[in-house]
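Under my numbering, the first residue of the sequence shown is numbered 115, with each subsequent residue one higher. Beta carbons: idealized from backbone N, C-alpha and C, even for Gly. Below is one structure, written out as C-alpha cells; comments come after it.
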Amino acid sequence: MSGHATPIPMTSRKCGPLKGTANVPGDKSISHRALIFGAMAVGETKITGLLEGQDVLDTAKAMQALGADCIRHGAGDWSVHGVGVGGFHEPENVIDCGNSGTGVRLIMGLVATSPFATTFTGDASLRKRPMGRVSDPLALFGATCVGRSKGRLPLTLVGAENPVPAEYATPVPSAQVKSAVLLAGLNAPGKTVVIEKEATRDHTERMLAGFGAEVVTEEVPEGHKITLTGRPELTAQTVAVPRDPSSAAFPVCAALLVEGSDILVPGVSQNTTRNGLYTTLVEMGADITFENEREEGGEPVADLRVRYGALRGIEVPPARAASMIDEYPILSVVAACATGTTVMRGVKELRVKESDRIDAMARGLEACGVKIEEDEDTLIVHGLGAGNVPGGATCATHIDHRIAMSFLVLGMVSQKPVSVDDGSPIATSFPVFEDLMSRLGAHISRADS
C-alpha cells in the first residue's frame with residue numbers, strides 16, 4: 115500500500131522583485147492522457163515535454179503493468195508502445211496511483227470494459243477521496259467495484275465481460291468523471307454519451323480525436339453533450355505537451371504580488387476550459403500580457419509577461435469554477451493581498467480534492483492574519499492590500515501540493531515568514547518549484563538546510 119514521503123518543512127520569506135524566465139513543467143492533465151492514449155494506440159507514440167512529477171510517473175507504471183511499454187529517453191522525452199483498444203492484460207500487482215485523483219479515476223475507466231480484475235490504492239490523501247462518483251457510472255458498462263465505504267481506496271474493479279455502451283449525465287462538473295466514462299466507452303460497442311451541465315476541461319476529447327477516435331461534441335438543452343463511437347483503432351501520434359497553466363499560476367501570482375517583479379512564463383496552455391484563473395486575475399487588475407499566441411500539440415498556448423501591480427477584490431462567477439478549480443488556493447492568496455473583498459462561490463468541489471482545500475486555505479490564511487468567511491460552497495477573503503498580510507504562521511498542507519505552494523507564495527510578500535509543515539507533496543506536480551522560484555529571486559528554505 116502506498117505510503118507518504120518523510121515530511122519536508124519549508125519556509126518562505128519576503129523577497130525582492132522576481133525577475134527572469136519561468137519555464138514551468140508540462141501540463142499534468144495532458145501528460146496523464148498522453149501516456150494513457152499512447153498505451154491504447156497501435157504503434158509507437160512519441161511524447162515531448164512530459165511532466166515527470168510523481169503523479170504522472172505513477173500513471174506510466176500503471177500502463178506498464180497493463181501491458182504497454184513506456185520508455186524514457188531523456189528529460190520529458192518518452193515513447194509508448196501501445197497494445198491497441200481492448201489489448202490490456204490483467205496486472206500482476208496492485209496499481210498504486212500515489213496522490214493522483216486524475217490517474218486513478220482515468221485508469222479505472224480504462225479497465226472498466228476489459229474482462230479482468232484490477233486493484234487500486236494510493237497514499238493517505240488519495241485513500242480519503244470519493245471514488246463512487248466514478249464507479250457508479252462505470253457500472254452502467256457492466257463493471258463491478260468492491261472497496262471501502264463510499265467507494266474509497268483500496269478497491270478492486272472487475273471489468274465487464276460483455277460491455278455495453280452507456281449514456282451518463284454528470285451530476286457535478288468533473289473532467290475526471292467524464293474522461294473515465296469516455297475511456298470505458300472506447301472498448302464498448304456502439305455509442306457512449308456523456309452530458310455535462312457545464313463544460314469541463316476538454317483534453318480527453320481533443321486527444322481522442324487526435325488519435326483517430328470518432329468523437330462529437332455539441333450543445334444541447336441539457337448542456338454539453340459528447341458522443342464517442344466505441345472500438346476504434348487508435349493510431350500512435352507525436353504529442354508535444356504544453357506547459358501547465360495550473361503550475362504556471364504560482365510564479366504568475368507571485369510576480370503579481372511581489373513589488374517590482376517582471377517575469378516571462380513561456381508556452382503556457384490557454385485552453386479555454388483551463389484559463390479561468392487568468393481571466394479572473396485580469397479582472398482584478400493584473401498586468402498580464404499574452405504574447406506569441408500559437409498552437410502546440412493541438413492546444414492553444416501563449417507566452418505570459420507578468421508584472422507587479424495593485425489588485426482589487428472581485429466576485430468570481432460560479433460558472434467559472436470548472437475552468438479554474440485547481441487554482442482557487444493560489445487565488446485565495448492573491449485575494450488576501452488585494453484591496454477589498456474577493457468572493458468565490460460554487461466551489462464545493464474543493465472539499466473533495468487532495469484535501470478539503472476550502473478549510474485548509476481558510477485556516478492557514480486566518481493564522482496569517484487574514485479575515486475569511488466560508489460555508490460548504492463558498493470562500494470569502496477580505497484582502498489587506500499588497501504587503502499588509504502579517505504572516506508568521508506555520509500552515510498545514512494536508513498532503514496537498516497546491517496548498518503547500520500557495521502558502522509558500524504568500525510568504526514571499528507577507529511581513530513575517532510563512533512556513534508549511536510539509537512541502538514534499540509538491541513533487542507530485544511541480545518537482546522543480548523550489549529551484550524555479552529561487553532562480554526568480556524567492557527565498558525558500560527547508561528546515562534541514
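Give a yes or no on whether the C-beta atoms belonging to residue i and residue j are separated by under 7 Å.
{"i": "F325", "j": "A155", "result": "yes"}
{"i": "G399", "j": "A298", "result": "no"}
{"i": "P303", "j": "A136", "result": "no"}
{"i": "S520", "j": "I444", "result": "yes"}
{"i": "L254", "j": "A280", "result": "yes"}
{"i": "E413", "j": "P356", "result": "yes"}
{"i": "M475", "j": "S437", "result": "no"}
{"i": "V291", "j": "T284", "result": "yes"}
{"i": "I221", "j": "A176", "result": "yes"}
Apart from the five residues just before and just after residue i, which ones in its own chain have a Cβ nearer than 6 Å to its Cβ?
{"i": "M526", "result": "S126, C129, A368, V372 and A556"}
{"i": "K160", "result": "S193 and T352"}
{"i": "E463", "result": "I439"}
{"i": "P229", "result": "G273 and E275"}
{"i": "A362", "result": "V138, V379 and V382"}
{"i": "V197", "result": "G181 and A182"}
{"i": "G152", "result": "T159, V194 and G196"}
{"i": "S116", "result": "Confidence in S116 is poor, its pLDDT being 43 and thus under 50, which makes the residue's placement too unreliable to answer from."}
{"i": "E490", "result": "K462"}
Would you decide whether residue i is buried or exposed? Buried here means 16 or more other CB atoms lie within 10 Å of its CB.
{"i": "H515", "result": "buried"}
{"i": "I144", "result": "buried"}
{"i": "A313", "result": "buried"}
{"i": "P139", "result": "buried"}
{"i": "H317", "result": "buried"}
{"i": "P251", "result": "buried"}
{"i": "K142", "result": "buried"}
{"i": "S263", "result": "exposed"}
{"i": "A189", "result": "exposed"}
{"i": "N207", "result": "exposed"}
{"i": "T270", "result": "exposed"}
Just the Cα atoms here: how many angstroms apart are residue i and residue j?
{"i": "L132", "j": "A500", "result": "15 Å"}
{"i": "H496", "j": "C451", "result": "9 Å"}
{"i": "A323", "j": "V329", "result": "6 Å"}
{"i": "P258", "j": "S249", "result": "Note on residue identity: the sequence assigns Thr, not Pro, to residue 258. Those two C-alpha atoms are separated by around 8 Å."}
{"i": "A182", "j": "S288", "result": "27 Å"}
{"i": "V295", "j": "Y282", "result": "8 Å"}
{"i": "A327", "j": "R320", "result": "10 Å"}
{"i": "R421", "j": "Q529", "result": "21 Å"}
{"i": "D401", "j": "T233", "result": "48 Å"}
{"i": "R483", "j": "I209", "result": "Before going further, note that residue 483 is Gly rather than Arg in the sequence given. Taking the straight line joining both Cα atoms gives about 42 Å."}
{"i": "N385", "j": "F404", "result": "13 Å"}
{"i": "G374", "j": "V457", "result": "27 Å"}
{"i": "E441", "j": "G157", "result": "36 Å"}
{"i": "T343", "j": "L418", "result": "38 Å"}
{"i": "V415", "j": "F547", "result": "21 Å"}
{"i": "L479", "j": "I486", "result": "8 Å"}
{"i": "R459", "j": "K339", "result": "25 Å"}
The beta strand (DSSP E) that contains residue i, what's its start and end?
{"i": "L271", "result": "L269 to V272"}
{"i": "L418", "result": "E413 to R421"}
{"i": "K292", "result": "Counting along the chain, K292 falls outside any beta strand (DSSP E), though it belongs to the alpha helix (DSSP H) covering A289 to L300."}
{"i": "R426", "result": "Run containing R426: none; DSSP gives neither H nor E here."}
{"i": "A231", "result": "A231 to T235"}
{"i": "S249", "result": "Here S249 belongs to no beta strand (DSSP E); instead the alpha helix (DSSP H) covers G246 to L252."}
Note the first and the last residue of the continuous alpha helix (DSSP H) segment covering residue i.
{"i": "G478", "result": "R471 to A481"}
{"i": "D172", "result": "Q168 to A179"}
{"i": "S552", "result": "F547 to L554"}
{"i": "T511", "result": "Premise fails: T511 is in no alpha helix (DSSP H) and is neither H nor E."}
{"i": "A362", "result": "P359 to L371"}
{"i": "H146", "result": "K142 to M154"}
{"i": "R127", "result": "Note, R127: premise wrong, no alpha helix (DSSP H); beta strand (DSSP E) at M124 to R127."}
{"i": "H112", "result": "Nothing can be reported for residue 112, as the shown portion of the chain is limited to 115 through 563."}
{"i": "T120", "result": "Segment: none, T120 is in no alpha helix (DSSP H) and carries neither H nor E."}
{"i": "M222", "result": "G215 to V225"}
Spatial neighbours of residue i within its chain, please: C-beta separation below 7 Å, excluding the five flanking residues on both sides.
{"i": "I122", "result": "D536, G537, S538 and R560"}
{"i": "P504", "result": "C482, G483, S528, Q529 and K530"}
Output yes if chain C places a C-beta closer than 7 Å to the C-beta of residue i; else output no.
{"i": "A481", "result": "Judged by its chain identifiers, the structure shown contains no chain C, having just a single protein chain."}
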